[in-house]
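A.B. asks:
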């Protein structure tokens, strides 16, 4: 460049200094001035950054480059807070007992932030089952129902007519125990008291019972045998039906008491996986009623919920 042209384009030193008249400002100090938002002179970059954050596409990324100290991080944070970009909110994750395959826990996904509350509700349910269910099943109403069923069974097992006929024939119906089972048998009477067949045979050999009397009792016993077998078979059926009815009574009451609490939980935490877990608890309670309050351990321990992920924040977190 020619020297004369360079001298013509040269800027005087006094023009290179910015001079601001303090009287042109309408504030006393900068403490009362709102800070400038954004980066001055970078409108295109800011618009590109805003566009990149708002676009939802697979593999979408935003890379911000600039000199240290130019406010890159603050700029990105402010824009994210302003536009609040949408994102799929992660759910809470819990593991629960798998009643069919205990070695394979089941995963339950819940609404964000509700995992710990679900765990607390199940703990309350387990405490009720452990401490209050059996007393509720022993209420006056339940005792009255079971006593009525017992009376009905006794009425069906009335053997007074058969016992009267046996006594007239010189026989008696007595209970016998074989192992852990208690049954009934027909034995002869001697001097008005029932005696076992072995003792009666001893009496016959000693001459205390005549051969004619012994033969008559044997024939009478054979005559009652078919009727007695029919009575015994009927008694076994009646007792089995009574036990089944009694079991159904307590199981249905347990279903009602526990089911009402499960319904409240399912309304609060809707979903198929929760419903399946609650139904499994109900069936397990009914199946293990006899173990509640026993020494076999606490069957409600397997109802506990293991919360793996519990979110406390609302919206998309800015990390």
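In this note's numbering, the protein residues as written are 577 to 895. By construction, the Cβ of each residue, glycine as well, lies at the ideal position given by its N, Cα and C atoms.
#1: With the cut-off set at 8 Å, would you say residue 747 and residue 796 are in Cβ contact?
#2: Across the stretch 689-697 and the stretch 878-885, are there enough close Cβ pairs to call them in contact, namely three or more that are closer than 8 Å?
#3: For residue 664 and residue 677, I'd like the C-alpha separation in whole angstroms.
#4: Below 6 Å CB to CB, which residues in the same chain sit around residue 886 once its five sequence neighbours on both sides are set aside?
#5: For the putative contact between residue 670 and residue 655, defined by C-beta atoms under 8 Å, what is the C-beta separation to the nearest angstrom?
#6: Taking the straight line between their C-alpha atoms, what separation do you get for residue 820 and residue 719?
#7: Under 7 Å: does the beta carbon of residue 593 sit that close to some heavy atom of the ligand MN?
#8: Pull up the distance between the alpha-carbon of residue 731 and that of residue 739, whole angstroms please.
#9: Between residue 865 and residue 722, is the Cβ-Cβ spacing less than 8 Å?
#10: Would you say residue 807 and residue 686 are within 8 Å of each other, going by their C-beta atoms?
#11: Suppose only complete runs of 4+ residues qualify. What are the alpha helix (DSSP H) ranges in the stretch 835-887, listed by chain order?
#12: Going by DSSP, what residue range makes up the beta strand (DSSP E) through residue 668?
#13: With a threshold of 16 other CB atoms inside 10 Å of the CB of residue 649, please say whether the residue is buried or exposed.
#14: What span of residues does the beta strand (DSSP E) with residue 695 cover, start to end?
#15: In angstroms, rounded to a whole number, what distance separates the CA positions of residue 643 and residue 888?
#16: Which runs of the beta strand (DSSP E), 3 residues or longer, sit entirely within the stretch 729-803?
#17: Pairs of beta-carbons, one from the stretch 784-798 and one from the stretch 825-841, closer than 8 Å: are there three or more?
C.D. replies: Working from what's here:
#1: Yes, the Cβ-Cβ distance between residue 747 and residue 796 is below 8 Å.
#2: Yes, the stretch 689-697 is in contact with the stretch 878-885.
#3: So the two alpha carbons sit approximately 32 Å from each other.
#4: For residue 886, where only same-chain residues beyond five positions count, the Cβ hits under 6 Å are 668, 691 and 692.
#5: Rounded, the Cβ-Cβ distance is 35 Å, inconsistent with contact.
#6: Whole-angstrom Cα-Cα distance: 16 Å.
#7: As for the ligand MN, it is missing from this structure, which has no ligand bound.
#8: Rounded to whole angstroms, residue 731 to residue 739 spans 15 Å at the Cα level.
#9: Contact: no.
#10: Against a cut-off of 8 Å, the Cβ pair of residue 686 and residue 807 comes out as no contact.
#11: Here the runs fully enclosed are 848-863.
#12: Run containing residue 668: 668-672, per the beta strand (DSSP E) assignment.
#13: With fewer than 16 Cβ atoms within 10 Å of its Cβ, residue 649 is classed as exposed.
#14: Careful: residue 695 lies outside any beta strand (DSSP E), inside the alpha helix (DSSP H) at 691-707.
#15: Taking the straight line from one Cα to the other gives about 36 Å.
#16: Counting only runs of 3 or more, we get 747-754 and 757-766.
#17: Judged by pairs of C-beta atoms under 8 Å, the stretch 784-798 does not touch the stretch 825-841, as fewer than three such pairs exist.
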